[in-house]
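Heads up, the thing below is written out as structure tokens.
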Amino acid sequence: MLVARGLRRVAVSSLVRWDMSVVAARHAASSLAVPGADARFHDYDAAITACVERQALGEGRQVHAHMVKARYRPPVYLATRLIILYVRCGALDDARNVLDGMPERNVVSWTAMISGYSQSGRHAEALELFIRMLRAGCKANEFTLATVLTSCPVHQSIQQVEQVHSLVVKTNFESHMFVGSSLLDMYGKSGNIQEARKVFDMLPERDTVSCTAIISGYAQLGLDDEALDLFRQLYSSGMQCNYVTFTTLLTSLSGLASLNYGKQVHGLILRKELPFFIVLQNSLIDMYSKCGKLLYSRRVFDNMPQRSAISWNAMLMGYGRHGIGQEVVQLFRTMTEEVKPDSVTLLAVLSGCSHGGLVDEGLDIFDLIVKEQNAVIHIGHYGCVIDLLGRSGQLQKALDLIEHMPFEPTPAIWGSLLGACRVHINVSVGEVVAQKLLDMEPGNAGNYVILSNIYAAAGMWKDVFRVRKLMLENTVTKEPAKSWIILDKVIHTFHSSERFHPRKKDINAKIKEVYVDVKAAGFVPDLSCVLHDVDDEQKERMLLGHSEKLAITFGLMNTPPGLTIQVMKNLRICVDCHNFAKFVSKVYGREISLRDKNRFHLLKDGACTCGDYW
1 MLVARGLRRV
11 AVSSLVRWDM
21 SVVAARHAAS
31 SLAVPGADAR
41 FHDYDAAITA
51 CVERQALGEG
61 RQVHAHMVKA
71 RYRPPVYLAT
81 RLIILYVRCG
91 ALDDARNVLD
101 GMPERNVVSW
111 TAMISGYSQS
121 GRHAEALELF
131 IRMLRAGCKA
141 NEFTLATVLT
151 SCPVHQSIQQ
161 VEQVHSLVVK
171 TNFESHMFVG
181 SSLLDMYGKS
191 GNIQEARKVF
201 DMLPERDTVS
211 CTAIISGYAQ
221 LGLDDEALDL
231 FRQLYSSGMQ
241 CNYVTFTTLL
251 TSLSGLASLN
261 YGKQVHGLIL
271 RKELPFFIVL
281 QNSLIDMYSK
291 CGKLLYSRRV
301 FDNMPQRSAI
311 SWNAMLMGYG
321 RHGIGQEVVQ
331 LFRTMTEEVK
341 PDSVTLLAVL
351 SGCSHGGLVD
361 EGLDIFDLIV
371 KEQNAVIHIG
381 HYGCVIDLLG
391 RSGQLQKALD
401 LIEHMPFEPT
411 PAIWGSLLGA
421 CRVHINVSVG
431 EVVAQKLLDM
441 EPGNAGNYVI
451 LSNIYAAAGM
461 WKDVFRVRKL
471 MLENTVTKEP
481 AKSWIILDKV
491 IHTFHSSERF
501 HPRKKDINAK
511 IKEVYVDVKA
521 AGFVPDLSCV
531 LHDVDDEQKE
541 RMLLGHSEKL
551 AITFGLMNTP
561 PGLTIQVMKN
571 LRICVDCHNF
581 AKFVSKVYGR
591 EISLRDKNRF
601 HLLKDGACTC
611 GDYW
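Using UniProt numbering, read the sequence shown as starting at 1 and increasing by one per residue.
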């Protein structure tokens, strides 16, 4: 998850902002007039220009020092060139000193400094300087506004964001290409995709940056269907794409787990012969792994001429999601010979060990990290170890680690242990953990549901009813389970005991036929997965209506032999449905890819890549 977020943020929003800032800076520098230049001016201009091109900070400071020593007061143009030099070299304090010392400033000087703060992530200072510029009576131009807009969502409330938008409207720059792109990117990062879309629709012209920015706005909010639909519309109307556009699109396809579209986009990238970009290759690795195609991910990874830590992390996370712990450990050892692992790497390895059941390996790696790289250890790493212990049934040991770790436990850590208590039906530890969670998150329905499940699995029906009553009293509702499958570019969604699908009669008839076949092959329903106090026959009927079974059956009905059936679920798959899928893969000779909220299950010939450990 962390890798996906990192790809989403770095590859999408930051690169779009950078493109716009660079364009603004270039236009700003070229717009300065040079009246009355003398010989010294030309000498200093040539020297500073050479330093800017080479990003030679030391030499640039020498030129500046020579000006001071010679008591040469540079005109606005040269002073601004000095600011640009210092900004380009990351010496923002030097740049600010030049700006503050200028007796006269035009809009380009202010914009260059604001751009420096914005590109360096010092957004509060960029906004403060912008306000100071306006108070000094200097009017912002389109490049100033395009630059300052990139700093708004980080520190501003929505009201302040709207104030900046109002200024854009008042100055008649709303339809300008650079300003419009920055404005819609700002709203996208603020989570206000409706306003971003309004700005986009008002643009008289749309370039690659503006189109990428709006697609990225949908992608960053997880609105993957909308992002894909918009891309199709814009591409069919002639939109030009760059590597940032494709990186954004691949992020959405990862969320949809849409392999067919992913392969089409990959083919399009190859046909366009785009230059090698690590961020684009990283997105391909992530997309293929989330579509259940680790071989494709590894092929992209192995063919990369150079790799960043994010590349390795994406591959490690892919193996971890599929429960292939041995590959995680082996790849991690190879990585340490080429690239220094970072904090995310360690999370990926520990998570991979947890999902792969490699308890001893995971604990050994954690101990090694604590000894050698203690500075990078944070609560997320402890969370992985607690999950590792919980999955292996060492619940008391996990509880002891929570109570003695150097961090305050989060709801996510307690929730991980509560889930383990459900798997191992440990009422005593489960009650302790559940009480912690109910105190911390009284409105989180998931905690009530898992506690209720623990009681139900233990046959403690009075306690089940007590928890359900507590949910009613606190007006807490659980998220309904749903599964979906994509066929012929259409998403078919199923809920438990589906009543609204147009082919529900055919599906119900087919699932009964499948049920007979898998039972004949040895499938035995796991009645402990039914969380209601009813007779066994009723429990079997309830299990047969689970959403993932309906989606798998629909896939059997509508896909040719040899094609993988890909099903996604919003919650954790239950044990009975997992066993059902294994028997379906064996009886019908079909490969089934099941992706739930925690991980992937690739089922073939009656076995799963998770090894029945998840």
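Glycine included, C-beta positions come from ideal geometry on N, C-alpha and C. What you are looking at is a predicted structure, and each value in this text was computed from that prediction instead of being measured.
Segments assigned beta strand (DSSP E), at least 3 residues, entirely inside the region 489-539: 490-495
Between the Cα of residue 573 and those of 598, 311 and 281, spot the shortest distance and give me the residue it belongs to. For the purposes of this step, residue 573 is identified with residue 573 of the sequence shown, where counting begins at 1. Residue 598 is the option with its Cα nearest to residue 573.
Per-residue DSSP class, three states only, for residue 662: Residue 662 lies beyond the stretch modelled for the chain, which goes from 1 to 614, so this question has no answer here.
Give me the Cα-Cα distance between residue 411 and residue 289, rounded to the nearest whole angstrom. Here residue 411 refers to the residue found at position 411 when the sequence shown is read from its first residue. Here residue 289 refers to the residue found at position 289 when the sequence shown is read from its first residue. Cα to Cα, residue 411 sits roughly 28 Å from residue 289.
State the Cα-Cα distance for the pair residue 268 and residue 276, rounded to the nearest angstrom. Taking the sequence shown and counting its residues from 1, the one referred to as residue 268 is at position 268. Taking the sequence shown and counting its residues from 1, the one referred to as residue 276 is at position 276. Their backbone Cα atoms lie some 14 Å apart in a straight line.
Taking 8 Å as the CB-CB cut-off, is residue 145 touching chain D? Structure shown: chain D not included; a single protein chain is present.
Please name the residue in 408, 403, 380 and 420 whose C-alpha comes closest to that of residue 389. Stepping through the sequence shown from its first residue, residue 389 is reached at position 389. Of the listed residues, the one whose Cα sits closest to residue 389 is 420.
Using a Cβ-Cβ cut-off of 8 Å (strictly less than) and excluding sequence neighbours within five positions of residue 109, which residues of its own chain qualify? In the sequence shown, the residue the question calls residue 109 occupies position 109. 76, 79, 80, 83, 99 and 102.
Are residue 476 and residue 448 touching if we call contact CB-CB under 8 Å? Counted from its first residue, the sequence shown places residue 476 at position 476. Counted from its first residue, the sequence shown places residue 448 at position 448. Yes, the pair counts as a contact, with Cβ atoms nearer than the cut-off.
Looking at the structure shown, is residue 594 part of a helix, part of a strand, or coil, going by DSSP? Position 594 of the sequence shown, counted from the first residue, corresponds to residue 594. Strand.
Segments of 4+ residues assigned as alpha helix (DSSP H) that fall wholly inside the region 160-211: 177-189 and 193-202
Sequence-distant residues of the same chain with beta carbon closer than 7 Å to residue 67, five excluded per side: Against the sequence shown, residue 67 aligns to sequence position 67. Taken in chain order, the residues that qualify are 44 and 74.
Taking the alpha carbon of residue 395 as the reference point, which residue from 356, 467, 405 and 422 has its own alpha carbon closest? Taking the first residue of the sequence shown as 1, we reach residue 395 at position 395. Of 356, 467, 405 and 422, the residue nearest in Cα terms is 422.
Along the chain, where does the beta strand (DSSP E) that runs through residue 277 open and close? Your numbering for residue 277 matches position 277 in the sequence shown. Premise fails: residue 277 is in no beta strand (DSSP E) and is neither H nor E.
Residue interval of the alpha helix (DSSP H) (run including residue 114): The count along the sequence shown starts at 1 and reaches residue 114 at position 114. Looking at the DSSP string, the run of the alpha helix (DSSP H) that includes residue 114 is 107-119.
Using C-beta distances below 6 Å, list every residue in its chain close to residue 528, excluding the 5 sequence neighbours before and after it, in chain order. In the sequence shown, counting from the first residue as 1, residue 528 sits at position 528. Same-chain partners within the cutoff: 457.
Mapping DSSP to helix, strand and coil, what is residue 314? Residue 314 sits at position 314 when you count from the first residue of the sequence shown. Correct three-state label for residue 314: helix.
What number of angstroms, rounded off, separates the C-alpha of residue 111 from the C-alpha of residue 38? What you label residue 111 is simply residue 111 of the sequence shown in a count that begins at 1. What you label residue 38 is simply residue 38 of the sequence shown in a count that begins at 1. Each residue's Cα considered, the two are about 26 Å apart.
Contact defined as beta carbons within less than 8 Å: I believe residue 550 pairs with residue 494. What is the distance between those atoms, to the nearest angstrom? Start at 1 with the first residue of the sequence shown, and residue 550 comes out as number 550. Start at 1 with the first residue of the sequence shown, and residue 494 comes out as number 494. Indeed they touch by this definition, with Cβ atoms about 4 Å apart.
Within 10 angstroms of the Cβ of residue 336, are there 16 or more other Cβ atoms? Answer buried if so, exposed if not. The count along the sequence shown starts at 1 and reaches residue 336 at position 336. It counts as exposed.
Distance check for residue 591 and residue 358, CA to CA, integer angstroms please. Indexing the sequence shown from 1 puts residue 358 at position 358. Indexing the sequence shown from 1 puts residue 591 at position 591. Each residue's alpha carbon lies about 25 Å from the other.
Nonlocal neighbours in the same chain, by C-beta distance under 7 Å from residue 226, ignoring five residues either side: As a working note, residue 226 is residue 226 in the sequence shown. Answer for residue 226: 218, listed in chain order.
Should the region 143-150 be called in touch with the region 113-126, which here means at least 3 C-beta pairs below 8 Å? yes
Same chain, Cβ closer than 8 Å to residue 444, neighbours up to 5 away in sequence not counted: In the sequence shown, residue 444 corresponds to position 444, counting from 1. Excluding positions up to five away in sequence, the list reads 411, 437 and 476.
Can you tell me whether residue 233 is helix, strand or coil according to DSSP? By one-based count along the sequence shown, residue 233 stands at place 233. Note: residue 233 maps to helix in three-state DSSP.
Which class does residue 601 belong to by DSSP, given the choice of helix, strand or coil? Taking the first residue of the sequence shown as position 1, residue 601 is located at position 601. In the structure shown, residue 601 sits in a strand (DSSP, three-state: E or B).
When the Cα of residue 56 is compared with those of 65, 89 and 567, which residue comes out closest? As a working note, residue 56 is residue 56 in the sequence shown. Ranking the options by Cα distance to residue 56, first place goes to 89.
Is residue 131 buried or exposed, if buried means 16 or more other CB atoms sit within 10 Å of its CB? Start at 1 with the first residue of the sequence shown, and residue 131 comes out as number 131. The residue in question, residue 131, is exposed, as its Cβ has fewer than 16 Cβ neighbours within 10 Å.
Straight-line Cα distance separating residue 499 from residue 545: Along the sequence shown, read from residue 1 onward, the residue named residue 545 stands at position 545. Along the sequence shown, read from residue 1 onward, the residue named residue 499 stands at position 499. The alpha-carbon atoms of residue 545 and residue 499 are separated by roughly 10 Å.
Residue(s) in a DSSP beta bridge with residue 615: No statement about residue 615 is possible, as the shown extent of the chain runs from 1 to 614 and does not include it.
Please report the straight-line C-alpha distance between residue 518 and residue 484, rounded to a whole angstrom. In the sequence shown, residue 518 corresponds to position 518, counting from 1. In the sequence shown, residue 484 corresponds to position 484, counting from 1. Each residue's alpha carbon lies about 22 Å from the other.
Rounded to the nearest angstrom, how far is the Cβ of residue 576 from that of residue 526, given a contact under 8 Å? One-based indexing of the sequence shown puts residue 576 at position 576. One-based indexing of the sequence shown puts residue 526 at position 526. With 8 Å as the limit, residue 576 and residue 526 qualify as a contact, their Cβ atoms being about 4 Å apart.
Within 10 angstroms of the Cβ of residue 467, are there 16 or more other Cβ atoms? Answer buried if so, exposed if not. Counted from its first residue, the sequence shown places residue 467 at position 467. Looking at its Cβ environment, which holds 16 or more other Cβ atoms inside 10 Å, residue 467 is buried.
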